Amino acid sequence: MFSKGLAEGISISTSHKYKGLEKPVVIVMDAVARSYPLIHPDWAFSRILGDSPDRIAKEERRLFYVALTRAIDKLFIVTERQSYSPFIEEVAKTMRLAKIDWSEFPAVKSKSMRLLVQVGNQEGRGISPTFAIKDQLKASGYQWQSTGSTGWTKGFQANGFDISRVQGEVWASAADGIEVRILDESEGVVARFVVDAGTWVCTLDNLASVQAADDVA
Numbered sequence: 001m002f003s004k005g006l007a008e009g010i011s012i013s014t015s016h017k018y019k020g021l022e023k024p025v026v027i028v029m030d031a032v033a034r035s036y037p038l039i040h041p042d043w044a045f046s047r048i049l050g051d052s053p054d055r056i057a058k059e060e061r062r063l064f065y066v067a068l069t070r071a072i073d074k075l076f077i078v079t080e081r082q083s084y085s086p087f088i089e090e091v092a093k094t095m096r097l098a099k100i101d102w103s104e105f106p107a108v109k110s111k112s113m114r115l116l117v118q119v120g121n122q123e124g125r126g127i128s129p130t131f132a133i134k135d136q137l138k139a140s141g142y143q144w145q146s147t148g149s150t151g152w153t154k155g156f157q158a159n160g161f162d163i164s165r166v167q168g169e170v171w172a173s174a175a176d177g178i179e180v181r182i183l184d185e186s187e188g189v190v191a192r193f194v195v196d197a198g199t200w201v202c203t204l205d206n207l208a209s210v211q212a213a214d215d216v217a
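When the letters of the sequence shown are read in order and numbered with UniProt numbering, they come out as residues 1 to 217.
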């Protein structure tokens, strides 16, 4: 948790919405190959609009550079050693990128159960519902999970979790044709919501029992 003063200075946004804006410190999240460039497995759906893999990659590269140029003082790029974005290689050719040694920082210790919030498409709605909000989902810290239970996924601590936290994220009010599933650590569904035109309707809710079990543990 951040103090009120610090929290007020933190904002989360997509690269699209940050054009023309600047911050003293910018953290670019999820700069990995599966996200930059983000070419959806069903990209052919966009062929109707004239898109192609090359065109999508070119636009993703432009947005990546928009994100990199928003920092006034410090820029941090969060990636994975074995799966960093090819765009980072291009940047490294023109400037020195200093690496952070995470071993110098103490590990986060927690015994609390975690919940996974997974955002997917409602049955029969195709791929367009999540495709329309993919940038907002990325900006909110969601990652595409292609194995097991598939969908845009983000972890939360079970203790104190409330669905209003998810409903307050940038993508939630624009969601249409979306199904939101709350999963336990074994990926069992403990709650489910359908979202149409930004309106959330609960179809399953066993969150209270899961959180009670976590409190006992």
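Built from N, CA and C at the ideal position, the CB exists for glycine as well.
Since the structure is predicted, the reported quantities are computational estimates derived from the model, not experimental observations.
List the whole-angstrom C-beta distance separating residue i from residue j, where the pair is believed to meet the contact cut-off of C-beta under 8 Å.
i	j	result
Tyr142	Thr153	6 Å
Trp171	Ser128	Incorrect: roughly 14 Å between the Cβ atoms, too far for contact.
Ala71	Val26	4 Å
Gln167	Arg114	Not quite, the Cβ-Cβ distance comes to about 19 Å (not below 8 Å), so this is no contact.
Ala92	Tyr18	About 22 Å separates the two Cβ atoms, so there is no contact after all.
Ile133	Ala197	Not confirmed; about 13 Å, so no contact.
Val194	Gln118	Actually they are not in contact, since the Cβ atoms of Val194 and Gln118 sit about 13 Å apart, beyond 8 Å.
Quick check on residue i: does DSSP put it in helix, strand or coil?
i	result
Ile182	strand
Lys23	strand
Leu204	strand
Lys17	helix
Ile56	helix
Arg61	helix
Ser11	coil
Ile100	coil
Ala172	helix
Gly5	helix
Glu187	coil
Arg70	coil
Ala212	helix
List the residues that DSSP assigns as beta-bridge partners of residue i.
i	result
Leu75	Val26
Tyr84	Val32
Phe193	Val180 and Cys202
Here's the rule I'm using: 16 or more other beta-carbon atoms within 10 Å means buried, otherwise exposed. How should residue i be labelled?
i	result
Gly120	buried
Gln136	buried
Ser65	In the sequence on display, residue 65 carries Tyr and not Ser. Flag for Tyr65 reads exposed.
Thr130	buried
Gln82	exposed
Trp144	buried
Val201	exposed
Ser103	exposed
Leu63	buried
Val189	exposed
Gly177	buried
Pro37	buried
Ser110	Reliability fails at Ser110, whose pLDDT of 49 lies under 50, so the model's placement of it is uncertain and the value that follows must be treated cautiously. So Ser110 ends up on the exposed side.
Ser85	buried
Arg96	exposed
Ile77	buried
Leu6	exposed
Glu59	exposed
Asp73	exposed
Is any heavy atom in the ligand FAD found nearer than 7 Å to the beta carbon of residue i?
i	result
Lys74	You won't find the ligand FAD in this model; it holds no ligand whatsoever.
Ranges of the alpha helix (DSSP H) found wholly within the region 108 to 157, counting only runs of at least 4:
128 to 132 and 134 to 139
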